[in-house]
Ligand SMILES: Nc1ncnc2c1ncn2[C@@H]1O[C@H](COP(=O)(O)OP(=O)(O)OP(=O)(O)O)[C@@H](O)[C@H]1O
């Protein structure tokens, strides 16, 4: 490709991701705009940020539905920081919590906290903090006693502190954000969320447990935000009990355009008594999912007994082709992750290997990591940090890594076990092809599971079938048919059948 054409392509790609305006044009505080450039290296807002930030700044309740990796985190953090910077008298940490960000997993909690720390680098009077399962409660209490201005939390631990930590000051609470709202509910935190909303006085007690009742939040002076790349019935319910006359961003837009001003954002025609059209949300939750346009999605039919051999062959090929490569393989259970981790680790290069010969002898030349909910908190944290910084690594994980996690430069997602829900498929593959980067995904399906493809098609997601030898060439990953790998293939095929799968 000549360089002129390449420039045009890059220009087109950028215009699909980034807005043509600056952060300051969105009305954000100038010193915050400087932080974007200095601390995060952001030159311009993404399209979703350009659309959401002015609306969130206006104080409206908002529901944001945009593809994975489009910059939703900054879209909600920036307006909060802007407002906290704009108060005429500086806030103090003794004023307690002004904003609460609820997230489904511990890793996402840490990730949002890291971004927040960077953004608040120059604003020491706005204190970021987190509380989450697996952490020391007493230490969290001590931090809450001192005061946390913007608190990120997993629901169970937050509820615990709301009930048992008397020194947790939240009377100044103005914002509640549900990041990955649908996942919070899928993990069974529905009751906790209702209790949290009640304890914080952000919905009237009359609507507890009644999914059909639309709350009137007129006593609550705050602003609530819901964000997710996928919507479902449960989010519909959460929207009903937590949002008042919200603006929906990204629901109908095939291509998101930046907002000129709040007046240009349409709220849906009312069919409910609070002016918000919940049927539109309902329709969207069964409609098309938003996936990064540049993501190449494939599937392969593999009988259960051959999956391991095929996986190893694919991984070998991938790591041999490119020296720096990051790959995530998803499994359905913690046991399956552990089983494959101990197996694959036997064949993997490790950073602790003594000699160069040891490196080259290994079947897979990459660092292997694992992540799941049954691991000790410290190990989870180490894996999360390591996979972020590694240039070449393989992460074996359950769906704990599927939501919101932003690992840079993940080139490929393999789904060894098919995901239960179509939404989970979208979030798993969303760990690659972020913010316009290229990415590939491969879904393993057992012959009895092929109907899953039709389920995905109902949501506008179509995959290329690479099960047939003639299609294998389309895939950047060549598997069992490669002669030089036959020995390995059969070796692993027989090994695979020695171990019982389905753990
Ligand atoms: N304006 C920007 N300019 C450059 N990079 C950005 C900008 N905004 C966000 N990013 C980067 O884009 C990546 C994706 O952002 P983020 O994790 O917020 O996406 P997301 O939409 O929340 O994704 P998911 O749905 O998977 O949670 C991050 O690495 C983030 O640092």
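Numbering (full-length UniProt numbering), first residue to last: 1 to 503.
For every residue, glycine included, the Cβ atom is placed at its ideal position computed from N, Cα and C.
This one's a predicted model, so the numbers in the text were calculated from it and none came from an experiment.
By the neighbour-count definition (other C-beta atoms within 10 Å, threshold 16), residue 49 is a buried residue.
For residue 240, the uninterrupted alpha helix (DSSP H) segment begins and ends at 233-242. Excluding five sequence positions before and after residue 318, the CB atoms of its chain that fall closer than 7 Å to its own CB belong to 325, 327, 412 and 477, given in chain order. By the CB criterion at 8 Å, residue 147 and residue 95 fall inside the cutoff. Within the same chain, Cβ atoms closer than 6 Å to the Cβ of residue 439 are found at 295, 432 and 433, the five residues on either side in sequence being excluded. Taking the Cβ atoms as the reference, residue 226 lies roughly 6 Å from residue 243, within the contact range of under 8 Å.
The count of Cβ pairs closer than 8 Å, one atom from the region 162-171 and one from the region 101-116, stays below three, leaving the stretches out of contact. Residue 421 and residue 56 have their C-alpha atoms some 30 Å from each other. Our two residues, residue 383 and residue 154, have alpha carbons roughly 19 Å apart in a direct line. The C-alpha of residue 331 is placed about 44 Å away from the C-alpha of residue 31.
Counting only runs of 3 or more residues that sit fully inside the region 417-456, the beta strand (DSSP E) segments are 439-445, in chain order.
Secondary structure note for residue 129: its beta strand (DSSP E) is the uninterrupted segment 128-131. Unbroken alpha helix (DSSP H) stretches of 4 residues or longer found wholly inside the UniProt domain "DEAD-box RNA helicase Q" (21-50): 30-35, given in chain order. Comparing alpha-carbon positions, the option among 315, 322 and 467 lying closest to residue 414 turns out to be 315. When secondary structure is reduced to three states using DSSP, residue 367 falls in the strand class.
Three or more Cβ pairs closer than 8 Å define a contact, and the region 17-28 falls short of that threshold against the region 175-195.
Setting aside the 5 residues that flank it on each side, residue 396 is surrounded in the same chain by 329, 337, 340, 341 and 370, each with a C-beta closer than 6 Å to its C-beta; the list follows chain order. Contact check for residue 77 against residue 119 passes: the beta carbons are separated by less than 8 Å. Here the distance from the Cβ of residue 47 to the nearest heavy atom of ligand 1 is not below 7 Å. For residue 430, the number of other beta carbons within 10 angstroms of its own is at least 16, and it is reported as buried.
When the beta-carbon positions are compared, residue 138 and residue 91 stay at least 8 Å from each other. One thing to note: residue 292 has its Cβ no nearer than 8 Å to the Cβ of residue 44. A distance below 8 Å separates the beta carbons of residue 169 and residue 97. A check of alpha carbon separations from residue 288 across 46, 36, 41 and 455 identifies 455 as the nearest.
Rounded to whole angstroms, the Cβ separation of residue 247 and residue 62 is 5 Å, and the two are in contact under 8 Å. Under the three-state reduction of DSSP, residue 91 is assigned to coil, being neither helix nor strand.
A straight-line Cα-Cα distance of about 18 Å links residue 58 and residue 47. Straight-line spacing of the CA atoms in residue 428 and residue 88 works out to 44 Å. Taking a contact as a CB-CB distance under 8 Å, the pair residue 121 and residue 39 counts as one, their CB atoms being some 6 Å apart. Apart from the 5 residues on each side of it in sequence, residue 222 sits with its Cβ closer than 8 Å to the Cβ of 173, 174, 175, 176 and 202 in its chain, given in chain order. The alpha-carbon separation between residue 465 and residue 459 amounts to approximately 17 Å. Cα atoms of residue 304 and residue 402: separation of roughly 23 Å, rounded to the nearest angstrom. DSSP places residue 101 within a strand segment (E or B) once states are collapsed to three.
Shown here for residue 100: same chain residues with a beta carbon closer than 6 Å to its own, the five before and five after excluded, namely 151 and 176 in chain order. Per DSSP, residue 112 is one residue of the alpha helix (DSSP H) stretching across 106-119. The straight-line gap separating the alpha-carbon atoms of residue 385 and residue 372 is approximately 14 Å.
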